[in-house]
Amino acid sequence: MKKYIKIIIIFLVILIIVFFFIFKNKKEEEKFYLKLNGKNIITISTNQNYKEPGFKAYDSIDGKLNNQVKITGQVQNKPGTYELTYTVKNSKGEIAKTHRFIKVIKPEKITYKESYDKLDNTSRGWWSGNKKDGTRPAGGADINELKKLNAYFLGPNEKVIYLTFDEGGNDTYVKEIVDVLNKNNVKATFFFCLNYIKTNTSLIKSMVKAGHTIGNHTASHLNMPSLATKENFDKYLKEITSVEETYYEITGQPMEKVYRDPRGEWSIRDLQIMKDLGYKTYFYSADYKDFDGDKTKEYALAELTKRLHNGAIYLIHPKNKGNYLALDSFIKEAKKQGYHFDLVKNIK
9 MKKYIKIIII FLVILIIVFF FIFKNKKEEE KFYLKLNGKN IITISTNQNY
59 KEPGFKAYDS IDGKLNNQVK ITGQVQNKPG TYELTYTVKN SKGEIAKTHR
109 FIKVIKPEKI TYKESYDKLD NTSRGWWSGN KKDGTRPAGG ADINELKKLN
159 AYFLGPNEKV IYLTFDEGGN DTYVKEIVDV LNKNNVKATF FFCLNYIKTN
209 TSLIKSMVKA GHTIGNHTAS HLNMPSLATK ENFDKYLKEI TSVEETYYEI
259 TGQPMEKVYR DPRGEWSIRD LQIMKDLGYK TYFYSADYKD FDGDKTKEYA
309 LAELTKRLHN GAIYLIHPKN KGNYLALDSF IKEAKKQGYH FDLVKNIK
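Residue numbers for the sequence shown follow our numbering, so the first one is 9 and each next one is one higher.
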């Protein structure tokens, strides 16, 4: 008798499990949803235009319903919190609804601080030391003093390297370089000026989507210490903020606070101002003269490879065809030697 009871209990448990999965699968088949891309609460300033991050609407019977989503509400260009309501109806007459809130704030007015006058504004050039024996270079300034100013030229003393590319005009191999990086699952940082971002919108969006960092390289590639004065401060700010605004208009996202001074020309005052603007400045510890004409693939590969060292931040110019041609081989060689790749924004 006990044996039969045990069999019946096992049978009932199996039956319950079967019904559970049937019910679960049926529920999954009857999916109907409306989901927002990005955050439900977005903050922008009055000098930015709101860009809709998008949404996904789906019904298991009707399929994609994105083009049937209705958005009500309006975001105005003045301080306040604005509500957007998203609604979609499926063929059964069922309604899915969700909301997004947009906070529009007045940007804090940034003014020149009198304390800046006490900081050295001598324009210096950066040098990496270009060590070729695997050791970590001393760099163009004390690493600990730079860190106080949110400035870095080396990552940690580990088998990690950081690829950074400085734009040199529109005639570059950036697209081809990005293809090589994506193929090798390597993320990199690209320092762009205003015009390049403006004229390569599709590429910029695809790079951001792939996980690369777009850094601020100023609007006009000027000597920034020369603008780090009370008289020229508005121009200094414009060199930075105009790039941020254009990036936001194109991507719908705030720009990463990642910066590199044009031509490696910097000053203590310049770094302090950038720190106050919320930026981290990145110099480099590995570079070669790749800016004075195209190099062969073989030459570029040799120059890049012999500068490998722990925590290396590479400065590479995408205008040089040799760099593009050598990049795939360089990445494979670095990985073979035990290195992995990271983004400079992750340096602490």
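In this text, a Cβ means the ideal position worked out from N, Cα and C, and glycines have one as well.
If you're wondering where the values come from, they're calculated on a predicted model, not measured in any experiment.
Going by the DSSP bridge assignment, what does residue i pair with across the sheet?
i, result
"V188", "Per DSSP, none; premise fails for V188."
"G346", "DSSP output for G346 lists no bridge partner at all."
"R132", "W274"
"Y287", "DSSP lists no partner for Y287."
"T197", "T172 and T221"
Let me know the secondary structure DSSP gives residue i once reduced to three states.
i, result
"G62", "coil"
"I276", "helix"
"A104", "strand"
"S228", "coil"
"F338", "helix"
"Y296", "coil"
"R144", "coil"
"G330", "helix"
"S53", "strand"
"K97", "strand"
"V83", "coil"
"I222", "strand"
"Y181", "coil"
"V112", "strand"
"A159", "strand"
"K243", "helix"
"D174", "strand"
"V352", "helix"
"D125", "helix"
"T89", "strand"
"A149", "coil"
"I321", "strand"
"V266", "strand"
"K305", "helix"
"L316", "coil"
Measuring only the C-alpha atoms, how far is residue i from residue j?
i, j, result
"S68", "T221", "37 Å"
"T289", "N75", "43 Å"
"A310", "G272", "24 Å"
"K344", "Y124", "47 Å"
"K97", "K59", "24 Å"
"A236", "S275", "9 Å"
"K39", "A104", "11 Å"
"D269", "D278", "9 Å"
"F349", "F198", "14 Å"
"T357", "E102", "Residue 357 falls outside the range modelled here, since the chain spans only 9 to 356, and no answer is possible."
"V83", "E253", "17 Å"
"V251", "K305", "33 Å"
"N331", "E341", "14 Å"
"I91", "D300", "Sequence check: residue 91 is Glu here, not Ile. Cα to Cα, the separation comes out at about 53 Å."
"A196", "E184", "13 Å"
"G46", "K64", "11 Å"
"V188", "I118", "40 Å"
"D336", "T172", "15 Å"
"L127", "Q280", "9 Å"
"N33", "T89", "Summary for N33: the model assigns pLDDT 49, below 50, so the residue's position carries little reliability; its value from the coordinates is reported in the next sentence. The alpha-carbon atoms of N33 and T89 are separated by roughly 41 Å."
So, under 8 Å CB-CB, residue i and residue j are touching, yes? Tell me the CB distance rounded to an integer number of Å.
i, j, result
"L42", "Y94", "6 Å"
"L323", "D295", "4 Å"
"K167", "G346", "5 Å"
"A320", "Y170", "7 Å"
"G147", "S293", "6 Å"
"N224", "V186", "In fact, because the Cβ distance is near 19 Å, the residues do not count as touching under 8 Å."
Stretch pair the stretch 155 to 169 + the stretch 278 to 288: three plus CB contacts closer than 8 Å
yes
At a cut of 8 Å, does the stretch 164 to 184 reach the stretch 325 to 332 through at least three beta carbon pairs?
yes
Any 3 or more C-beta pairs closer than 8 Å across the stretch 201 to 209 and the stretch 249 to 261
yes
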